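Visitor: Here it is: the structure, laid out below.
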Amino acid sequence: MQEPRASGYRAIHLIVKQDGFLIEVQLRTQTTHQWASDAEAFSALFGENYKQDGDSVIQEFLRLRALLENTPDDAHKAADVSTFTALAQKVRSMLKGLPNESEEVNDE
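Numbered per numbering that gives the first Met the number 0, the sequence shown finishes at 107, counting up by one with no gaps.
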């Protein structure tokens, strides 16, 4: 990818025409697909678009997780793992702040 987005989103989008219809095809690796799926899930939970460029805790967490997943174990830097752990704890705290489904049902 020549100019990857700062948000961490990675995909190649192709528009093809089939039987008069335009169809978008996204080419992703397993890691980039997982990143996009997770970004969409976090976006739905928090009402933000995490695929857009930004520097939120969620985006930094997703970027660093993708980096660590694509790096051989022996090449992980202690600082990256430490930063990832701190970000994971922040994300966990954010998720704990969300109402769960059983609470929402009981409030109605």
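Think of the CB as a built atom: it goes at the ideal place given N, C-alpha and C, for glycine as much as any other residue.
Predicted model, so just to flag it, every value in this text is computed and none were measured.
Report all residues from its chain with a CB closer than 8 Å to the CB of L44; omit the five preceding and five following residues, and keep chain order.
Guide: As a first step, residue 44 is located in the sequence shown; it is residue number 45 there, counting from the start. Closer than 8 Å at Cβ, skipping near neighbours: L94 and L97.
Visitor: Could you tell me if L61 is buried or exposed, where buried requires 16 or more neighbouring beta carbons within 10 angstroms of its beta carbon?
Guide: Here residue 61 refers to the residue found at position 62 when the sequence shown is read from its first residue. Classification of L61: buried, given that the 10 Å Cβ count is 16 or more.
Visitor: Determine, using beta-carbon pairs with one atom in the segment 2 to 15 and one in the segment 34 to 42, whether at least three such pairs fall under 8 Å.
Guide: Flag = yes, the segment 2 to 15 and the segment 34 to 42 touch.
Visitor: If you follow the alpha helix (DSSP H) that E39 is in, where does it begin and where does it stop?
Guide: As a position in the sequence shown, residue 39 is number 40, starting the count at 1. It spans Q29 to F45 - the alpha helix (DSSP H) in which E39 sits, taken as one unbroken run.
Visitor: Roughly how many angstroms lie between the CA atoms of A85 and E23, to the nearest whole one?
Guide: On the sequence shown, position 86 is the one that residue 85 refers to. On the sequence shown, position 24 is the one that residue 23 refers to. Spanning the two alpha carbons is a distance of roughly 37 Å.
Visitor: Distance check for R4 and Y49, CA to CA, integer angstroms please.
Guide: Here residue 49 is taken as the residue at index 50 of the sequence shown, counted from 1. Here residue 4 is taken as the residue at index 5 of the sequence shown, counted from 1. Their Cα atoms are separated by approximately 12 Å.
Visitor: Work out the CA separation of D79 and S55 for me, nearest whole Å.
Guide: Here residue 55 corresponds to residue number 56 of the sequence shown, with the count starting at 1. Here residue 79 corresponds to residue number 80 of the sequence shown, with the count starting at 1. Distance between the alpha carbons of S55 and D79 is about 17 Å.
Visitor: Quick check on this structure: which residue in A87, R27 and Q51 has the alpha carbon closest to the alpha carbon of L67?
Guide: One-based indexing of the sequence shown puts residue 67 at position 68. That would be A87, whose Cα lies nearest to the Cα of L67.
Visitor: L21 lies in the beta strand (DSSP E); which residues open and close that run?
Guide: The residue labelled residue 21 in the question sits at position 22 within the sequence shown. It spans F20 to L26 - the beta strand (DSSP E) in which L21 sits, taken as one unbroken run.
Visitor: Using alpha carbons as the reference points, say which of V90, G46 and A40 lies closest to L63.
Guide: By 1-based counting over the sequence shown, the position of residue 63 is 64. Closest by alpha carbon: V90.
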